[in-house]
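Report on the following structure.
Protein chains: 2
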Amino acid sequence: MNRIALSESIFTPASVAIAGVGDTNSGRQYLDSLLSAGFQGRIYPLNPKGAEIAGFKVYRNMKDIPEAVDYVISCLPAPMVPQFIQDCSQNEAKVVALFTAGFSELGSEEGRQLEWRISALARANGIRIIGPNCMGVYCPKVGLSFVHDFPKENGSVALVCQSGGNAIYFVRVAAERGVRFSKVVSYGNGCDIDESDLFDYLAQDDETKMVAAYIEGVKDGERFRQALSHLAARKPVIALKAGCTQAGARTATCHTGSLSGSSTVWNSLLQQAGAIQVQTLDEMIDMVVTFLFMPLPRGRGVAMVGFGGGASVMATDSCSGHGFTVPPVPQTIGDKFHSLLRSQAGLILSNPIELNMPPQISYAATKALITYDAIDLLLANCVFGQHPWPVYDDLADRLCDTVLQISAEVEKPIAVVLNSHVTNTQGQFLSLRRRYCEAGLPVYYSVASASQSINRLMQHHERQAFASMYDSRSTSVE
Amino acid sequence: MNRIALSESIFTPASVAIAGVGDTNSGRQYLDSLLSAGFQGRIYPLNPKGAEIAGFKVYRNMKDIPEAVDYVISCLPAPMVPQFIQDCSQNEAKVVALFTAGFSELGSEEGRQLEWRISALARANGIRIIGPNCMGVYCPKVGLSFVHDFPKENGSVALVCQSGGNAIYFVRVAAERGVRFSKVVSYGNGCDIDESDLFDYLAQDDETKMVAAYIEGVKDGERFRQALSHLAARKPVIALKAGCTQAGARTATCHTGSLSGSSTVWNSLLQQAGAIQVQTLDEMIDMVVTFLFMPLPRGRGVAMVGFGGGASVMATDSCSGHGFTVPPVPQTIGDKFHSLLRSQAGLILSNPIELNMPPQISYAATKALITYDAIDLLLANCVFGQHPWPVYDDLADRLCDTVLQISAEVEKPIAVVLNSHVTNTQGQFLSLRRRYCEAGLPVYYSVASASQSINRLMQHHERQAFASMYDSRSTSVE
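Which chain is which? The protein sequence lines are A and B, in order. Heads up: the first sequence begins at 802 in my numbering, then just goes up one per residue. Heads up: the second sequence begins at 802 in my numbering, then just goes up one per residue.
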């Protein structure tokens, strides 16, 4: 099959038509989402009844729209789609995003045939299809969105996501930790534009610095391998392959009509292609946060500050379990801690160090610890709910003061863990998360996820260094 | 060493003295905590200056208190503790809980000697010590508490915890999911009363139905093994051994002066003794929730209801990964789903089933699914933040309506997953968590933690069944 490269009109359309806009239905939700997102182009709602909606003229048919539309959203019932594709062809529309479901994911011969028919029709008419059974494209640069509350600011992360719900969750949850997006595509059954097309596009997209991908199944394994390898050689790719168990695969077939393949095959495929494999959306968000906000540590020596003795013991176990060291401080620094804190019993004064102490002393102790040679990164571990009495309520704020001051002065990378399982500290958690994110620091929700993610970052760079060494050697041999 | 069994006065004291009560210091916080918890006995604050505090007469010395005190809290500096133990002896006090730190956890010879000295003094005078370097006892039945905001209601879970901060976190976070406690002990360095003493006590305590234990290290391994085996043969024991890595062990030594031992030894010790081993406090809370609220499923067939296609695929993977099956529905039930929902495309209508549908239909579909023979338990999977538009905002509430209605009618066990990583759904999350907890259902925060916990519950029962079979066989052979 002769594949056409994706054009910019998919991501930065000058015009959007929405088929099936009523008073409260999904078409109307798409219209409201575009308005909330501040879409900068022209909007054409469609409904056979005509009239007006939300101040927009409603067109009865694609043929009546006075320009060739870049991006068309269909909320029509599945059986109406073949005719609609032909109407779009008459309009010379470029892309149709099919929110419409009811195709191969039904598992019926009828559904498969209908999907095959619309993709053939689109190909014959030079139209590209996103979907069916998907949410479509979010591109904040031009205000293209399928949801009302996504960030309006542009960013450097692309998301390629077979599931609409997962795309929505990913954007919302990642946005809370400072992640912003270049392009997000929910592509559902992927009857025309698929992950491989999107990988090819994103490999050459200067606005995209890394790609996260949620995949249930692919139709052309070899093409997928090539597209992924090509992309991963240029940008970090974080990939989640769902439907890896037999039951999960069956569910994936019901969801997006995907054939999933065995997890063994997928694990080695993703690894060989150079992608970073994760198991959950939250791990995928952790990795995006890490690539965005965590400078590469030059080694594996962790300094840890926080509070709670038991929390410190478990945090140390967790770091060690992910390949980091938590080096004990030498006598000189230990003496410094004890001279700073003559009268404080009940605190761990080594590495980790518990910062239940006056601000100037917290600062001096942390500075002494992070500037120690054996230390490559600082982990600030803030577990809410550990303290017995209200007098300690501002400890987390004071830890933040100390960490941000150190962050402004010291080159070594800093990661922050905010653990907020206790509901009544939610307000403080939100305010601290905002402060840390605004300072550009990576925020995690557990020491385990922080150390796992930073370990993956370092392994990724080690693999790349090895691969480039190998490349330059084979070049020099040739 | 001749060990004395713990007396009730540790947990249900009729009188409490607090040494070192000032205007705002830790002694005062202990006093306030007792008042907030509604302590039912007599309270004696101590301070060499005398006078009054919070309406209580302040005593200058233990000798002046007009009765033998059951439970004494010390917030004095470490060097004053030996003399204080002698004062307590004159009062004929029974137990001293030493919040006071500055003993073996310092790592100095001086600290070790001081700890040895106070434990010898206590033993010579018939006084039991909790700690040093600990928070002490929480026993809601009599309003004994070291924190102002623990639940006032009594429960059936005991927690034995070497770390004060972890004990506080555990109680607060578990309480939010409906867990209530019989006895909680933070025992720090454990120079006298240790985990083994507590296990012996809890094994025969009728108010305690299960025991959670956080341990950094033990001093007498053989006695620990015996006490744990004895306890675990009577009640479920969920154990977290911290300080399992080299760096974690060093941190544990700084925290509670514990010698940790290798993780291999600990893993086999805990398993052979019949404890359920977990790696994090959150896993420990998951297991307590499971033992409290999850009836034992008779098999491993899971029915899953929820919303979000991608979320359903990943949830299915997660269940399968923990040894459950998610059986496809037979033709008859599938036909029923499709006849109920003729016009709904874009939803998974099998098992899992997506319940984006009118309430009566959700109910009928869930009922058809859970009553199917191959189903042993229902998992309601509620992921917030997956939905694009405000029109879906009440889906999670409607899912709750359906699940609670089914729960009232059907015998099969039900587990609930509430995933709330999206901050602006926090209010809805809290209200739904309350509704599910009030209905007595186990609430988890991810499908992975739910399926891991229920798997551990089932494995625990399988092991017990095997052990009792083996026991009865060896008896019959003899």
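Glycine included, every Cβ here is placed at the ideal spot set by N, Cα and C. Owing to the predicted nature of the structure, the values given are computational and were not obtained by experimental measurement.
- In the three-state reduction of the DSSP assignment, residue 969 of chain A falls in the helix class, which pools H, G and I.
- Counting other Cβ atoms within 10 Å of its Cβ, residue 1187 of chain A reaches 16 or more and is therefore classed as buried.
- Scanning the region 1089–1143 of chain A from its first residue to its last, the whole alpha helix (DSSP H) runs of 4-plus residues come out as 1110–1122, 1132–1141.
- Going by C-alpha positions, residue 936 of chain A is about 23 angstroms away from residue 926 of chain A.
- Look at the region 861–935 of chain A and you find these whole runs of alpha helix (DSSP H), each 4 residues long or longer: 882–892, 910–925.
- DSSP, read as helix, strand or coil, puts residue 1011 of chain A in strand.
- Residue contact with chain B for residue 1225 of chain A: present (Cβ-Cβ distance below 9 angstroms to some residue of chain B).
- Boundaries of the beta strand (DSSP E) around residue 843 of chain B: 843–847.
- Look at residue 945 of chain B: its C-beta is not under 9 angstroms from any C-beta on chain A.
- One finds 1052 in chain B with Cβ atoms closer than 8 angstroms to the Cβ of residue 1153 of chain A, taken in chain order.
- The C-beta distance from residue 1024 of chain B to residue 1070 of chain B rounds to 12 angstroms, too long to meet the 8 angstroms contact threshold.
- Here residue 1200 of chain A is near residue 1106 of chain A, since their CB atoms are less than 9 angstroms apart.
- Residue environment analysis places residue 840 of chain A among the buried positions, since at least 16 neighbouring C-beta atoms fall within 10 angstroms of its C-beta.
- Of all residues in the region 1190–1212 of chain A, those with a C-beta nearer than 8 angstroms to a C-beta of chain B are 1190, 1191, 1192, reading in chain order.
- At least one CB of chain A lies nearer than 9 angstroms to the CB of residue 1129 of chain B.
- The straight-line gap separating the alpha-carbon atoms of residue 1124 of chain A and residue 1101 of chain A is approximately 7 angstroms.
- Distance from the CA atom of residue 836 of chain B to the CA atom of residue 813 of chain B, rounded to whole angstroms, is 15 angstroms.
- For the C-beta of residue 1163 of chain A, not a single chain B residue is nearer than 8 angstroms; the gap to the nearest is close to 17 angstroms.
- Rounded to whole angstroms, residue 1130 of chain B and residue 1019 of chain A show a C-alpha spacing of 26 angstroms.
- Scanning B:1173, B:1182, B:1117, B:893 for the CA closest to the CA of residue 868 of chain B turns up B:893.
- Exclusion of the five residues before and after residue 959 of chain B leaves 983, 984, 1003, 1009, 1012 as the residues of its chain whose Cβ lies within less than 6 angstroms of its Cβ.
- Residues of the same chain with a CB within less than 8 angstroms of the CB of residue 861 of chain B, apart from the 5 flanking positions on each side, are 847, 848, 849, 850, 851 in chain order.
- By DSSP's assignment, residue 985 of chain B forms a beta bridge with B:939, B:960.
- Annotation: the continuous beta strand (DSSP E) that includes residue 1040 of chain A extends over 1038–1042.
- Residue 1115 of chain A has a beta carbon lying within less than 9 angstroms of a beta carbon in chain B.
- CA-CA distance, residue 976 of chain B to residue 1078 of chain B, rounds to 21 angstroms.
- Its Cα nearest to that of residue 1224 of chain A, the residue A:1185 stands out among A:1245, A:1185, A:1209.
- Nearest to residue 826 of chain B by C-alpha distance, out of B:1097, B:866, B:901, B:871, is B:901.
- Residue contact check for residue 1150 of chain B against chain A: a CB pair falls below 9 angstroms.
- When the five nearest sequence neighbours on each side are left out, the beta carbons in the same chain lying within less than 6 angstroms of the beta carbon of residue 1017 of chain A are those of 963, 1043, 1044, 1053, 1057, 1059, in order along the chain.
- Interface flag for residue 1066 of chain A against chain B is unset, since no Cβ pair is found closer than 9 angstroms.
- Taking a 10 Å sphere around the C-beta of residue 993 of chain A, we find 16 or more other C-beta atoms and assign the residue as buried.
- Take the alpha-carbon of residue 1089 of chain A and the one of residue 1229 of chain B: they are about 28 angstroms apart.
- Contact between the region 1259–1270 of chain A and the region 1131–1138 of chain A is absent, with fewer than three C-beta pairs closer than 8 angstroms.
- In chain order, 1109, 1110, 1111, 1112, 1114 make up the part of chain A whose C-beta sits under 8 angstroms from the C-beta of residue 964 of chain B.
- In this structure, residue 1095 of chain B and residue 1216 of chain B form a Cβ contact; the two beta carbons are roughly 6 angstroms apart against a cut-off of 8 angstroms.
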